[in-house]
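This report refers to the structure that appears directly beneath it.
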Amino acid sequence: MSKSNDLTLRIRAARGLDVVRLGFRLNKKPNKTEEESMAAKAFLKTFWSTLGIVLLFTALLFALTGYVMAGVSSGRPKNYAESRTGRMENGQIRYVKNELYYIAPEAIGLSADALPDGTRICLYFDENGHVIAGENADDRSRETERRVILVGIVVGAMAITLLVFSIVAGKTFGKPWIRWLKSIGDAGSVPPLPPA
Numbered sequence: 070m071s072k073s074n075d076l077t078l079r080i081r082a083a084r085g086l087d088v089v090r091l092g093f094r095l096n097k098k099p100n101k102t103e104e105e106s107m108a109a110k111a112f113l114k115t116f117w118s119t120l121g122i123v124l125l126f127t128a129l130l131f132a133l134t135g136y137v138m139a140g141v142s143s144g145r146p147k148n149y150a151e152s153r154t155g156r157m158e159n160g161q162i163r164y165v166k167n168e169l170y171y172i173a174p175e176a177i178g179l180s181a182d183a184l185p186d187g188t189r190i191c192l193y194f195d196e197n198g199h200v201i202a203g204e205n206a207d208d209r210s211r212e213t214e215r216r217v218i219l220v221g222i223v224v225g226a227m228a229i230t231l232l233v234f235s236i237v238a239g240k241t242f243g244k245p246w247i248r249w250l251k252s253i254g255d256a257g258s259v260p261p262l263p264p265a
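With the numbering used here applied, the sequence shown corresponds to residues 70 to 265, in that order.
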């Protein structure tokens, strides 16, 4: 990012914070006009509604991230020293651990009938190098992908909700606040407000 873009973004962010500070300062102002009083109420309603939506979606995003991570580790044994990926080949799991090995899926609790050739299998080994468990890596990958897509859908819904909310707020309950901001912007200066 160029320095001029970075500076522009910082200026815009500072202006956004200044608008929020201005709203809170307007609420503290004594002897408000009717327009200022309506603008102050509209600001508070808009601010707290926006904050509520953002916090709700943040909590939902944390919960879904936990859901994704829980699905990633669900099939692993607790006490394994090493893992490797093998492939189904002619009814056996083929894997390499310094040498080429084959193991029957039934020996680790999997069914050869449910695993067509080419299926990736995660194998888990103990400290002595013996296979202690296995799971279908293709199924786990599909499940993780499904969960990540769900998180993406929720993030998209969050963005759309905030966009729609900003439009609706500007046209309805936030209108007095926006009208007041435009009026002070047209006047070229901010009316005197109490210190923060």
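Don't be surprised by glycine CBs; every beta carbon is placed ideally from N, CA and C.
Bear in mind that the values here come from a model prediction, so they are computed numbers and not experimental data.
- Cβ-Cβ separation between L125 and V223: approximately 11 angstroms, too far for a contact (criterion under 8 angstroms).
- The Cβ atoms of Q161 and A183 lie no closer than 9 angstroms to each other.
- DSSP, reduced to helix, strand and coil, places L169 within a strand of the structure shown.
- Per DSSP, reduced to three states, the secondary structure at L232 is helical.
- Approximately 11 angstroms separates the beta-carbon atoms of R209 and T154; this is outside 8 angstroms, ruling out the contact.
- Rounded to the nearest angstrom, the gap between the Cα atoms of F234 and D87 is 21 angstroms.
- Here DSSP, grouped into helix, strand and coil, assigns T134 to helix.
- Beta-carbon to beta-carbon, Y136 and R216 are separated by about 6 angstroms, close enough to satisfy the 8 angstroms threshold.
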